[in-house]
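The structure appears right after this line, and notes come after that.
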Amino acid sequence: MTSKSNSNQATKMAKDFALQGVDGKTYKLSDFKGKKVYLKFWASWCSICLSTLGDTNDLAKEQSGKDYVVLTVVSPTFNGEKSANDFKEWYKSLDYKNMPVLMDTKGELLKEYGIRSYPSALFINSDGSLAKTHVGYMGKEDIEKTLKEIK
13 MTSKSNSNQA TKMAKDFALQ GVDGKTYKLS DFKGKKVYLK FWASWCSICL STLGDTNDLA
73 KEQSGKDYVV LTVVSPTFNG EKSANDFKEW YKSLDYKNMP VLMDTKGELL KEYGIRSYPS
133 ALFINSDGSL AKTHVGYMGK EDIEKTLKEI K
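All the letters of the sequence shown, read from the start, carry residue numbers 13 to 163 under the working numbering.
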């Protein structure tokens, strides 16, 4: 099983971060307090990640007025990822305009959450606590179901 729930553990709060997106904006996790967060970690070389970007982009597009937010994270130069500049140039050629792509240039979130495989995702409750970690493929319907199940 590639999914684990933290419900039997002491509540762990998700670490706040401030990361710049490929769009030039700075994103802080604390800016989304009161909303559930789907935080997807991916890489440009990961075929499963690339095949699910359309669904992730659609989820981000549909989040307006919903109780959740979609954020994605790449870590330039870590785990075989392109440099930040090369990634930005490559990403510009894609047509995913709705999902924020945050640049974890120091690999801090990778280390904080022990991300070793792509795609990986964190589901964060609206109070900022970690609800669930998922490693591997997850379809749009399963993501939506999990977002409904968490607090």
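Glycine included, C-beta positions come from ideal geometry on N, C-alpha and C.
Residue nearest to residue i in terms of C-alpha spacing, selected from the options
{"i": "Glu101", "options": "Tyr125, Thr64, Leu62, Val34", "result": "Val34"}
{"i": "Gly46", "options": "Ser141, Phe99, Lys109, Asn69", "result": "Ser141"}
{"i": "Leu83", "options": "Tyr50, Trp57, Lys24", "result": "Tyr50"}
{"i": "Cys58", "options": "Ala72, Asn91, Tyr39", "result": "Asn91"}
{"i": "Ile155", "options": "Ser87, Val86, Val81", "result": "Val81"}
{"i": "Tyr170", "options": "Leu134, Lys118, Thr117", "result": "This structure cannot speak to residue 170, because the chain is shown only from 13 to 163."}
{"i": "Arg128", "options": "Glu93, Lys157, Leu41", "result": "Glu93"}
{"i": "Asp79", "options": "Phe44, Lys27, Lys118", "result": "Phe44"}
{"i": "Lys27", "options": "Cys61, Lys123, Gly148, Ser132", "result": "Lys123"}
{"i": "Ser132", "options": "Asp107, Ile60, Ser95", "result": "Ile60"}
{"i": "Gln32", "options": "Ser87, Gly148, Ala55, His146", "result": "Ser87"}
{"i": "Asn37", "options": "Lys152, Met115, Asp139, Lys160", "result": "In the sequence as presented, Asn is not what sits at residue 37; that position holds Lys. Ranking the options by Cα distance to Lys37, first place goes to Met115."}
Where residue i sits in the DSSP three-state scheme
{"i": "Ser90", "result": "Strictly speaking, residue 90 in this sequence is Phe, with Ser absent from that position. Correct three-state label for Phe90: coil."}
{"i": "Ala26", "result": "coil"}
{"i": "Thr117", "result": "coil"}
{"i": "Ile162", "result": "coil"}
{"i": "Ile136", "result": "strand"}
{"i": "Leu62", "result": "helix"}
{"i": "Ala164", "result": "An answer regarding residue 164 cannot be provided, because it is not within the stretch 13 to 163 covered by the chain."}
{"i": "Ala143", "result": "strand"}
{"i": "Tyr108", "result": "coil"}
{"i": "Ala39", "result": "At residue 39 the sequence reads Tyr, which differs from the Ala that was named. The answer is strand: DSSP assigns Tyr39 an E or B state."}
{"i": "Tyr125", "result": "helix"}
Buried versus exposed call for residue i [16 or more other C-beta atoms within 10 Å across all chains shown]
{"i": "Lys52", "result": "buried"}
{"i": "Thr23", "result": "exposed"}
{"i": "Ser63", "result": "exposed"}
{"i": "Thr158", "result": "buried"}
{"i": "Leu41", "result": "buried"}
{"i": "Ala143", "result": "buried"}
{"i": "Ala30", "result": "exposed"}
{"i": "Gly151", "result": "exposed"}
Indicate whether the contact test is met: 3 or more Cβ pairs, each with one atom in the region 104 to 123 and one in the region 61 to 69, closer than 8 Å. yes
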